[in-house]
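A.B. asks: Sharing a structure below in structure tokens format, with a few things to ask.
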Amino acid sequence: MEYVLRTDGLTKQYRGFKALNDLNMHIPKGAIYGFVGKNGAGKTTLIRLICGLQVPTRGEYYLYGKKNTEKEIAASRRRMGAVVEMPSVYLDMTAEENLREQFRIIGLPSFDGIPQLLKLVGLSDTGKKKAKNFSLGMRQRLGIAVALAGDPDFLVLDEPVNGLDPQGIIETRELILRLNREQGITVLISSHNLDELSRLATHYGFIHRGGMVKEIGAKELEEACRKCVRLAVSDIGVLARVLDGMNMEYSIVSEEEADIYGDLNLSKTVLALAENGCEVTAIHERDESLESYYVSLVGGEEHE
Amino acid sequence: MSRLLSANFARLKRDKVFWIGLIVMFGSGAFSAVSSHMRGLETGYSIPLDHIFFTYTVFTGLLSAAFCSLFLGTEYSDGTVRNKLVVGHGRSSIYLSNLIVNSAACLSMDIFYLLAVSAFGIPLLGFFEKGIKPVAAFLGCAVLMSLAFTAVFTLLGMLIQNRAVVSVVSIIGVVLLLFAAAYIRARLEEPEQYDSYTYMSVSGELVTDEPEPNPNYLKGTKRDIYEFALDFLPTGQALQISGMTALHLWQMPLYSVIIMILTTAGGLIVFRRVDIK
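Here the protein sequences line up with chains A and B, keeping their order.
Residue 295 in full-length UniProt numbering is what sits at position 295 of the first sequence, and the numbering runs on without skipping anything.
Residue 235 in full-length UniProt numbering is what sits at position 235 of the second sequence, and the numbering runs on without skipping anything.
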């Protein structure tokens with residue numbers, strides 16, 4: 001698989017505090033990678049490192065195959081755009097002036113792409129209004145437009161919907177999906193808004209205390225989060241035979257437990273098990289969301 | 001780096017503090033020339049152009065501190081320095097491009113003062129009494145002094161990531177250094193001995209006191225250190241240049257170059273390692 005970003009044992013230590021601890025991460029090309037973790041887990045630290053704002057204490061990362069210590073990393077960085085924490089825009093400039101400034105920084109020969117970019121982020125009609133008078137959502141979209149100025153292949157967004165109103169959240173989500181689907185831009189989104197992430201992400205990385213707990217594809221996660229009934233029985237072999245006979249989809253979790261998917265006729269199943277001398281010792285309905293999956297990964301008692 | 005320079009100069013053209021600085025310097029130059037002419041008319045003693053031509057060197061440090069800290073501070077307060085790093089610009093290029101733009105801005109402000117003082121001063125006060133050669137020499141010192149100031153404030157602006165803090169540190173710093181330079185110069189100007197003087201005693205006799213050595217007069221190594229400090233500090237240079245009187249005219253530009261090299265080299269080394277928030 002081709003990775004846009006790969007980190008290998010990435011560590012960042014601030015005085016006595018390890019913000020990132022031996023983090024390994026893999027972002028496939030074309031993915032919308034949801035980077036999940038609670039506040040202080042290390043999401044922003046990782047983003048600061050890969051954006052070149054800070055230097056790792058240990059470990060390395062590869063951006064488009066170029067190691068962070070190689071000189072060629074600068075060329076890889078030209079393929080990325082980022083909004084780290086708050087949008088980085090000159091507050092005393094209009095949306096167009098901000099984009100002109102970024103075009104100059106990148107060295108683009110003309111400003112022809114600016115109206116198109118403004119249209120893309122829905123800021124075409126802001127005219128001479130300065131960014132300091134923009135709403136948070138407008139600034140966020142301007143920040144994304146600035147990040148998109150060099151036609152990047154990789155977009156990094158740190159908490160892009162933080163502080164946005166519902167309309168702003170919807171607009172930002174649609175923009176990200178459009179960029180990914182229509183322009184094939186790989187997106188890394190860090191967030192602790194799991195519900196919002198679940199509407200976007202094709203891949204997830206769960207970070208806790210600076211370390212990667214789990215990387216998983218959206219389909220795999222969906223499987224893991226499917227609604228099911230967990231049955232605990234005295235004989236797992238009998239349960240398997242009965243479920244096969246009923247043509248039910250299931251997965252055996254342990255020697256006593258199995259998760260059964262789809263619409264289960266409980267009475268019929270229990271009777272069939274009883275006829276075969278198998279007792280049902282417990283029944284739980286399981287409806288795992290991304291949130292409960294995350295909690296199960298990092299430990300519920302520690303989750304905010 | 002040309003791309004960063006292009007972006008920085010475009011921002012400079014729109015920068016309010018820069019335009020205010022230009023206007024203030026032009027106004028100061030014009031006011032200085034006109035007020036000197038008026039004073040000359042009132043007192044009957046004409047003030048030569050030489051006396052006011054370099055007055056700006058005393059306050060250019062203050063203006064430079066305010067401009068550099070606000071211009072660079074915006075990069076941190078608005079977070080836009082990140083846009084440069086994210087797209088692959090090197091930290092050295094970012095530092096040097098900022099230094100170049102700051103230097104150009106501060107020199108432009110100086111030039112505006114000189115243009116105004118020349119445009120109003122030459123017709124009203126006449127040409128330089130000391131001739132063009134010493135003026136050219138002091139002008140060279142003033143340019144390098146201004147660049148040294150800019151190098152110091154660029155260092156502070158690039159390393160202190162808080163616009164309010166860097167503004168306060170830079171402005172208070174330059175004021176303190178101005179006071180320090182004024183104190184050093186006052187100490188160096190102490191006479192070696194008090195002149196003899198004659199007075200009438202209570203009994204009506206005329207008494208003549210012999211010259212007495214001044215205990216505050218600086219001698220030996222201590223005097224050398226004070227002289228070095230006055231020549232080395234940009235604020236000390238400013239005081240000397242403003243009056244077109246220098247202890248060691250050819251050492252000042254050398255010290256300015258040393259300050260520029262040391263602050264820029266130090267700034268580049270530290271900025272390469274500093275964590276950007």
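Heads up, the beta-carbon is just placed ideally off N, CA and C, and yes, glycines get one too.
Just to confirm before moving on: does the CB-CB distance between T281(A) and A232(A) stay below 7 angstroms?
C.D. replies: A contact, by the Cβ cut-off of 7 angstroms.
A.B. asks: Using Cβ-Cβ distances below 8 angstroms, what residues of the segment 91 to 118 of chain A are close to chain B?
C.D. replies: Residues passing the 8 angstroms Cβ filter: L91, D92, M93, E97, R100, E101, Q102, R104, I105, I106, G107.
A.B. asks: What residues match up with L206(B) in a beta bridge as DSSP calls it?
C.D. replies: Per DSSP, M200(B).
A.B. asks: Buried or exposed, going by whether 16 or more other CB atoms sit within 10 Å of the CB of M145(B)?
C.D. replies: Buried, because 16 or more other Cβ atoms sit within 10 Å of the Cβ of M145(B).
A.B. asks: Taking the beta strand (DSSP E) that G40(B) falls in, what are its first and last residues?
C.D. replies: From DSSP, G40(B) is part of no beta strand (DSSP E) but of the alpha helix (DSSP H) over 16 to 43.
A.B. asks: Between R163(B) and I276(B), what straight-line distance do the alpha-carbon atoms span, to the nearest angstrom?
C.D. replies: Roughly 14 angstroms separates the two Cα atoms.
A.B. asks: Between the segment 242 to 250 of chain A and the segment 194 to 201 of chain A, do three or more beta carbon pairs fall short of 8 angstroms?
C.D. replies: No, because fewer than three Cβ pairs between the segment 242 to 250 of chain A and the segment 194 to 201 of chain A fall closer than 8 angstroms, the two stretches do not touch.
A.B. asks: Using the Cβ count rule (16 or more neighbours within 10 Å means buried), how would you classify L10(A)?
C.D. replies: Burial call: buried.
A.B. asks: Using a beta-carbon distance below 7 angstroms, is A105(B) in contact with chain A?
C.D. replies: Closer than 7 angstroms: no.
A.B. asks: Within this structure, are the beta carbons of E77(A) and V274(B) separated by less than 7 angstroms?
C.D. replies: Residue identity check: residue 77(A) is Arg in the sequence provided, not Glu. No, these two residues do not count as a Cβ contact at 7 angstroms.
A.B. asks: Measure from the C-beta of L53(A) to each C-beta in chain B and report whether the shortest distance is under 7 angstroms.
C.D. replies: Closer than 7 angstroms: yes.
A.B. asks: Mind checking who F206(A) pairs with in its DSSP beta bridge?
C.D. replies: V36(A), K214(A), per the DSSP bridge assignment.
A.B. asks: Rank I169(A), G168(A), H203(A), D151(A) by C-alpha distance to the C-alpha of E182(A) and give the top, closest one.
C.D. replies: If we check each option's Cα against that of E182(A), D151(A) comes out closest.
A.B. asks: Quick one: does G150(A) have its CB under 7 angstroms from some CB of chain B?
C.D. replies: For G150(A), the answer is yes, since a Cβ of chain B falls inside 7 angstroms of its Cβ.
A.B. asks: By a C-beta neighbour count over all protein chains shown, 10 Å radius and 16 as the cutoff for buried, is S234(A) buried or exposed?
C.D. replies: With fewer than 16 other Cβ atoms within 10 Å, it is exposed.
A.B. asks: Mark R199(A) as exposed unless 16 or more other C-beta atoms lie within 10 angstroms of its C-beta, in which case mark it buried.
C.D. replies: Exposed, by the Cβ-count rule.
A.B. asks: Which residues in the same chain as R272(B) place their Cβ atom closer than 8 angstroms to its Cβ, once the five residues preceding and following it in sequence are excluded?
C.D. replies: Around R272(B): R91, S92.
A.B. asks: Check N8(B) in the structure and name its three-state DSSP category.
C.D. replies: If DSSP states are grouped into helix, strand and coil, N8(B) belongs with the helices.
A.B. asks: Identify whether N216(B) lies in helix, strand or coil by the three-state DSSP scheme.
C.D. replies: Coil at N216(B), not helix or strand.
A.B. asks: Return the chain-ordered list of same chain residues with a C-beta closer than 7 angstroms to the C-beta of V117(B), the five sequence neighbours on each side being excluded.
C.D. replies: Cβ neighbours of V117(B) beyond the five flanking positions: G29, S32, A33, I52, F53.
A.B. asks: Would you give the residue range spanned by the beta strand (DSSP E) that Y61(A) belongs to?
C.D. replies: Segment 58 to 63, the beta strand (DSSP E) holding Y61(A).
A.B. asks: Could you tell me which residues DSSP pairs with R286(A) in its beta bridges?
C.D. replies: Partner(s): C228(A).
A.B. asks: Say whether chain B places a C-beta atom closer than 7 angstroms to the C-beta of Y294(A).
C.D. replies: False, the Cβ-Cβ gap to chain B never drops below 7 angstroms.
A.B. asks: Measure the alpha-carbon distance for I258(B) versus T44(A) and round it to whole angstroms.
C.D. replies: Those two C-alpha atoms are separated by around 40 angstroms.
A.B. asks: Over what stretch of residues does the beta strand (DSSP E) that includes I27(A) continue unbroken?
C.D. replies: Element bounds for I27(A): 17 to 28.
A.B. asks: Can you tell me which of the three DSSP states Q193(B) falls into?
C.D. replies: DSSP places Q193(B) in strand when its eight states are reduced to three.
A.B. asks: Can you look up M93(A) in the DSSP assignment and give me helix, strand or coil?
C.D. replies: Residue state, collapsed to three classes: coil.
A.B. asks: The alpha helix (DSSP H) spanning G61(B) covers which residue range?
C.D. replies: That run of the alpha helix (DSSP H) goes 56 to 77.
A.B. asks: Pull up the distance between the alpha-carbon of I114(A) and that of G81(A), whole angstroms please.
C.D. replies: The alpha-carbon atoms of I114(A) and G81(A) are separated by roughly 16 angstroms.
A.B. asks: Assign G173(B) to one of three DSSP states: helix, strand, or coil.
C.D. replies: Three-state result, G173(B): helix.
A.B. asks: With distance defined between alpha-carbon atoms, name the residue in G40(A), L179(A), L120(A), M212(A) nearest to E85(A).
C.D. replies: That would be G40(A), whose Cα lies nearest to the Cα of E85(A).
A.B. asks: Measuring CB atoms only, is the segment 117 to 133 of chain B touching the segment 210 to 226 of chain B, in the sense that at least three cross pairs come out at less than 8 angstroms?
C.D. replies: No contact exists between the segment 117 to 133 of chain B and the segment 210 to 226 of chain B.
A.B. asks: May I have the straight-line CA-CA distance separating L147(B) from S103(B), to the nearest angstrom?
C.D. replies: Each residue's alpha carbon lies about 6 angstroms from the other.
A.B. asks: So, for P211(B): in the same chain, excluding its five sequence neighbours on each side, which residues have a beta-carbon less than 7 angstroms away from its beta-carbon?
C.D. replies: Result list for P211(B): Q193, Y194, D195, S196, in chain order.
A.B. asks: If V207(B) and T198(B) are in contact, beta carbons under 8 angstroms, what's the gap, nearest whole angstrom?
C.D. replies: At roughly 7 angstroms, the Cβ-Cβ gap stays under 8 angstroms, so V207(B) and T198(B) are in contact.
A.B. asks: Considering only C-alpha positions, which residue in the set T60(B), S97(B), C141(B) is nearest to C106(B)?
C.D. replies: Nearest of T60(B), S97(B), C141(B) to C106(B), Cα basis: T60(B).
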